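Chains as they are written, first to last, in my numbering: chain X, 1 to 270; chain B, 1 to 340; chain U, 1 to 268.
C-beta: ideal position from N, C-alpha, C; glycine also.
This structure is a prediction, so every number in the text was calculated from the model and none was measured.
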Amino acid sequence: MGVKSTDILRAGFFGMIAWLKNNRWLLFSMIIWPYLTAFLLIALGMIYGSFETYKERLNIANPILYILAGSGIVMSSLFIIDTVATNALYHRWLGTLPYLMLTPTKMYKVLVLEPLPGALLSSTMGILAVLPGAVYFEGLLGAGKLLIVLLLVYMGMLPLIGLSIIVASITLVLREESNVAAFLTPLILLVSSVFYPIDVLPKVLQYMSRIFPTSYIVEATRMVATYSIPEFRALFIVAYALLALTLFYNGVASIALSGSEKMVKKSGVI
Amino acid sequence: MAPAIEAKNLVKNYVTWERKGFIKRTRKIVQALRGVSFTVEKGEVFGLLGPNGAGKTTTVKIITTLLLPDDGEARVLGYDVVSEAEKVREVIGVTLSVEKGFFWKLTGRENLKYFGMLRGLKGSYLNERIEYVLGLVGLKELGAADKLYEEYSLGMKARLALARALLHDPPVLILDEPTIGLDPASARTIRELLVKLARSGDKTVLITTHNMFEAELICDHVAIIDKGKIIAYGTVEELKRKAADRVSLELIVSIPKNMLNGLEEKIVALTGLREVALEAIESGRTRIRIVARPGEEEYVIEKMLEWLYSNNMKVHQVRIKEPSLEDVFIILTKGGSRGG
Amino acid sequence: MTKNATRIHAIVWLHLLRLWRYKFSFLNNILTIILWLTIFVLGALMFIPKEQWSLMAPIALWGIIMWQFLSTSVWYIGGWTWFFVSQGFVEEHLLTNTSPAPVLVGRALVGLTITVSSSLLVALVFTGLTGPEVLLVDNILYVALGLVLLCTMTISYGLYLAALSFRIGIPGTLLDIANFVSFILGGLAVPLSKLPPQLRSIALIIPYAHPAEIVRYGVRGLEPYLGLETEILVSTIVALAMATIAYLLFKYILRHVRRYGVRAIGRM
């Protein structure tokens, strides 16, 4: 008889609450980061150039709200990948990885479910943090649009978790001091073209963007920011793309993880 | 001639903060040392024994100049640990933790080279010393000298820690629990090496441990520290005499399960002795330990056997034990564990 | 060689060897930095009409390079302290009569290698976007002088953080925020003359703004806000003062460590 998924989720939830209770700065950081990145970009942009140029280049109605939402997406994606991908490495540093592996169930289930409450909370905070900004600029409509973005982030979380597990599998096999695949997060965000139109990127990166879930979230967010009423048909296409990526990444991830589990058990580096 | 190590009335308090609720924290003073004094003569192996949290590591840190005492003084080969810290560091070799203090991605040899260079050793002398200590602690023999530290077993890590302590050929070795967690073979290698170094006459060794067997085996003198105070000091034999007013009786018995309940109280009532302990051992047998006063042992054994046979219990073994250092330790520290 | 020279040799050897042994982390760090910077640079360029890109590009590029000096000092010196303390290295170095300060300063070597490597790649990205002129420099001596002064300041700052982490927990987020804010308010990204007056008065009291003005003078001959001589004088005095404070702070903190013991608090 294996452990139930809800038990692992409950343990993950408890761990997250205890961690937050003792590291209150983390909560603050989740709220402040989207504003900070937005501030940096806007301040730099305003000093170097003008908002009008930005509006024209990206063809969006409200650049401030768009940049805020974009920062929310950047932070949420970063939190998700970081929480799930770094989790295994973090447990190895702490020496708790063997105990996670001893949970009487599949390792894949443990590594996905244990950090899930943390990933959910941090990504929600990343988006909800910009809610006051959205309400300030566009009132209730702004809040509604942001909730659609949050929904998209949740949908995007599923393939991102699969991707993160692949990253975790790599870090478990390589014996380095930090997450050696950490560059994947900014790479994914770079090709997703959050703050600029995708055509400024070289063609090869444009093609690459199609395989990463954040590209679809950004695309949908841009639709939401461009049209006063989002075009639901287009949003459904995004949803299907994310579903396909979910199946693909989680399939690959389960194979990658079982491979790395074998290697780790063989070499004894846990 | 100055002793190798001399501690006089060392006092050390720590301030800790206890979390009460979400924000509030309260200040708490912990008295780690409350007037610790002892002397270690040159060429001897000295054991500082004590339960967890007794003040062993704090004492070691003061003697090794890493911590300043709030009061009292300590000297190593006549050098004051506070005002002549640099000179003290030159004459001591230290292991603080067998598992920390090395770079993971460097080999054992590279780690030694780094710490040797920091001590100003260089060139062929440094290389010779590295070769010598690697051989001395057995890392060369194990083929581990050029392995990355992260691949070391605990035993190898302990050997490397000792090699580092010996690298600059210091006259005094101060080792904080050097065999903790090691398998019997590795622990024995390290113990034998320490004795050899001390017996050769040019090294003085201070070790802290709560392994009584180890202390009994290698220490010339021991001090038992508890709750920040030295509560006993002398040779192992002298300390054992402190328990000479006690005789330990041990009976190995097969006891039916239904008789186990309340058995301790029954034996106390039967013998009139209060120190009785039961311990389940292999094959469903039970070890009964009774502490008696000298002269009482025959009477107690007779009484016990009579009672055990009358209740159809099988007696496998009866032993009268001389007091060991462990007995002394347990008597003096009232149990010997602080759970730390 | 004296004992101190042997010590410096040991520290340099240690950091370079570790850099090689952790090569994947090193490559990952460089890639991560470049990719994050490119995201923001591309975003910021969208505010500028394309025909003005070549004008603003050198300022942005050198702003990024200077910011990297700050960022790597914070993370590779200040941030590493947590590892250094928790692994018991403070005690092990003190036992060899070596202060932890030079060992931590030695980490600047790692930071510098990462800064130089990632700066070269960021420069490549800029070349691709705006053309090779972005790499041209008017006077290399002033650029070098500005960078040396900036380096002294940022290493001192890294040491402050390291010393503080022996006593208190420094939230990592706070360090990141300070880094971010320094990019604009510290006068690294933008010439002081271009900042709005209120922001400029803040930038003037942040040390990094002054060597940054010298660097920009060397790159494109942009007249420093306080005049070249004054900026050199101010930067030199501030850099020396910061280094002296770092030295004294470490002396104080080591006394504190001996009195109260080493507590691994560091970065939270």
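For L100/X, the closest alpha carbon among the candidates V135/X, L201/X, V3/X and A220/X is that of V3/X. Per DSSP, reduced to three states, the secondary structure at A32/B is strand.
In the structure shown, the three-state DSSP call for N52/B is coil. For the 8 Å CB-CB criterion, F24/U and L97/X do not form a contact.
Under the DSSP assignment, D327/B falls in the alpha helix (DSSP H) whose first and last residues are L325 to L332. In the DSSP assignment, I218/B is bridged to no other residue. Look at S37/B here: in three-state DSSP terms it is strand. Along the region 182 to 209 of chain B, there is no position whose C-beta sits under 8 Å from a C-beta of chain U.
Measuring C-alpha to C-alpha distances from D176/U to each of A239/X, T6/X, I32/X and F13/X identifies I32/X as the nearest. Closer than 8 Å to the CB of V234/U there is not a single CB belonging to chain X. Counting along the chain, D70/B sits inside no alpha helix (DSSP H), nor does DSSP assign it H or E at all.
From the beta-carbon of L68/B, the residues of chain U found nearer than 7 Å are R258 and R259. Counting only residues of its own chain and dropping the five nearest sequence neighbours on each side, W104/B has a CB closer than 6 Å to the CB of Y149 and E150.
Nearest neighbour of R129/B by Cα position, chosen from A223/B, K147/B and E110/B, turns out to be E110/B. Contiguous beta strand (DSSP E) elements confined to the region 193 to 257 of chain X do not occur, taking only those with 3 or more residues.
When the alpha-carbon of L121/U is set against those of G221/U, M56/U, L61/U and I205/U, the nearest one is in L61/U. Counted as a single uninterrupted DSSP element, the beta strand (DSSP E) harbouring R319/B occupies residues K314 to K321. Here A292/B is not near V253/B, since their CB atoms are 8 Å or more apart.
In terms of Cβ geometry, A256/X and I166/X form a close pair [threshold 8 Å]. For I288/B, the closest of L278/B, L308/B and G72/B by C-alpha to C-alpha distance is L278/B. In the DSSP annotation of this structure, the continuous segment of the alpha helix (DSSP H) that includes S77/X starts and ends at P63 to L94. S193/X places its beta carbon 8 Å or farther from that of V153/X. With fewer than 16 other CB atoms across the displayed protein chains lying within 10 angstroms of its CB, Y299/B is exposed. For G93/B, the secondary structure class from DSSP, reduced to helix, strand or coil, is strand. At least 8 Å separates the CB of P34/X from every CB of chain U. According to the DSSP assignment, S119/U belongs to the alpha helix (DSSP H) that extends over P100 to T130. If you look at R285/B, you'll find it in the beta strand (DSSP E) that goes R285 to A292. The three-state reading of DSSP puts T235/B in strand, counting E and B together. Against chain B, the CB of A239/U has no partner CB under 8 Å away; the residue lies outside that interface.
By the neighbour-count criterion, in which 16 or more other beta carbons inside 10 Å mark a residue as buried, H316/B falls on the exposed side. Rounded to whole angstroms, the separation of the alpha carbons of I8/U and T2/U is 10 Å. Taking CB atoms only, I245/U has no neighbour in chain X less than 8 Å away.
For F195/X, the closest Cβ of chain U is nearer than 8 Å. Look at D183/B here: in three-state DSSP terms it is coil, with no helix or strand label. Between S76/X and G126/X, the C-beta spacing is below 8 Å. Using a CB distance cut-off of 8 Å, G106/U does not count as an interface residue toward chain B.
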